[in-house]
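Numbered per our numbering, the sequence shown spans residues 641 to 716. As structure tokens, the structure follows; a few thoughts come after it.
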Amino acid sequence: MLATCLHFLRGTPYIYQGEEIGMTNVRFPTLADYRNIETINFHRDALESGFTLEKIMAGIYAKSRDNARTPMQWSG
Numbered sequence: 641m642l643a644t645c646l647h648f649l650r651g652t653p654y655i656y657q658g659e660e661i662g663m664t665n666v667r668f669p670t671l672a673d674y675r676n677i678e679t680i681n682f683h684r685d686a687l688e689s690g691f692t693l694e695k696i697m698a699g700i701y702a703k704s705r706d707n708a709r710t711p712m713q714w715s716g
């Protein structure tokens, strides 16, 4: 329904990495499960800067590109 409203607005509709189907971000349990080099570098830099593991993983959960690299989420 929301995607339909988006397409009726003026301008060019922009759909990005699964937003049109409501996919949720993945929460891998460890850093070893992430394959994106930016995520790995962010983790290293944040540890060196003194951030806690909880804050680092919260940032990774929200911004990692690996969120777009997961299989389609089916509900049944």
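C-beta: ideal position from N, C-alpha, C; glycine also. Note that the coordinates shown come from a computational prediction; the quantities given were computed from them, not determined experimentally.
Identify which residue in S704, C645, T710 has its Cα closest to the Cα of Q671.
Taking the sequence shown and counting its residues from 1, one reaches residue 671 at position 31. Reading off the sequence, residue 671 comes out as Leu, not Gln. It is S704 whose Cα lies nearest to the Cα of L671.
W714: which of G662, T644, R650, P653 sits nearest, CA to CA?
Mapped onto the sequence shown, residue 714 falls at position 74. Ranking G662, T644, R650, P653 by Cα distance to W714 puts G662 first.
Helix, strand or coil for S689 per DSSP?
Counting from one through the sequence shown, the residue named residue 689 turns up at place 49. The answer is helix: DSSP assigns S689 an H, G or I state.
Could you compute how far the alpha carbon of G651 sits from the alpha carbon of I680?
Mapped onto the sequence shown, residue 651 falls at position 11. Mapped onto the sequence shown, residue 680 falls at position 40. Approximately 37 Å, taken between the alpha carbons.
Can you have a look at I677 and say buried or exposed, based on whether 16 or more other CB atoms are within 10 angstroms of its CB?
Numbered from its first residue, the sequence shown carries residue 677 at position 37. I677 comes out exposed.
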